[in-house]
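Protein chains in written order, with this note's numbering: chain A, 153 to 267; chain B, 2 to 119.
By construction, the Cβ of each residue, glycine as well, lies at the ideal position given by its N, Cα and C atoms.
This structure is a prediction, so every number in the text was calculated from the model and none was measured.
Below, the structure written as structure tokens:
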């Protein structure tokens, strides 16, 4: 049972570099999302997708791009990394239903440092 | 305004005692869901318990229960007979407008760090 798989687990970037955080799920979930976790701020939603070809912005989308070409994959792209993007990033997925109790399944996180 | 407020940044509790972690929420939507997640030091997010706005009874899952007071807009997590393994960060989260397309977003509080003392 792989669930939600995130790679890499750790990454160090220099300011201005670009990179892609990978996220894949094998549960046939329609809904996928990216959160960032910063001390004292909880988890904040960056982008989300309700199905292949459909994405939307969350609370803190600036500096990040996403695409959803398949149901399984939802990569997060940092176009030009900034120190303010130093954070722990979580990918999460769930079934896209109207059931209120549908919980999110999380990946193990990516710790990103931007120098 | 904060949609989810967790006012206890940290708590220390003696092993085997019960502990209550506070969570208040703010929404004008009549349909919403409330979640608690646990994040141990290893970093993963573990779902603990769920309460729906229309649920008549408080949710329970093993040693976890949710003290849901709708009029006060509070959804406190109660852990009975705490164990050393309960030491972790705990997050309260809310999903609003669950009847409508595109409202699957979960909004999280800032968390409470719980430390169980042997």
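query                                                                                                                : result
Contacts of residue 67 of chain B in chain A (Cβ-Cβ under 7 Å)                                                       : Result: empty, since nearest Cβ-Cβ is about 12 Å, beyond 7 Å.
Rounded Cβ spacing between residue 92 of chain B and residue 110 of chain B (contact assumed at less than 8 Å)       : 6 Å
Extent of the continuous beta strand (DSSP E) run through residue 59 of chain B                                      : Segment: none, residue 59 of chain B is in no beta strand (DSSP E) and carries neither H nor E.
Straight-line gap, residue 59 of chain B to residue 77 of chain B (C-alpha atoms, nearest Å)                         : 10 Å
Buried or exposed (CB count within 10 angstroms, at least 16 for buried), residue 164 of chain A                     : exposed
Residue 215 of chain A - DSSP class collapsed to helix/strand/coil                                                   : coil
heavy atom of the ligand HEM below 6 Å from residue 23 of chain B C-beta                                             : Judged by which ligands are present, the structure shown has none, so any question about the ligand HEM falls away.
Inter-residue Cα distance where the pair is residue 4 of chain B and residue 28 of chain B                           : 7 Å
Residues that residue 193 of chain A contacts on chain B, provided the C-beta gap is smaller than 7 Å                : 111
Three-state secondary structure (DSSP) of residue 32 of chain B                                                      : coil
Option nearest residue 243 of chain A by Cα separation, candidates A:237, A:207, A:200 and A:191                     : A:200
Three-way DSSP call (helix, strand, coil) for residue 88 of chain B in this model                                    : coil
Backbone secondary structure at residue 9 of chain B - three-state DSSP                                              : coil
The region 7-14 of chain B / the region 155-175 of chain A touching (three or more Cβ pairs under 8 Å)               : no
Neighbourhood of residue 258 of chain A by C-beta, 8 Å cutoff - its chain only, sequence neighbours within 5 removed : 156, 242, 243 and 244
Interface flag, residue 107 of chain B vs chain A, CB-CB below 7 Å                                                   : yes
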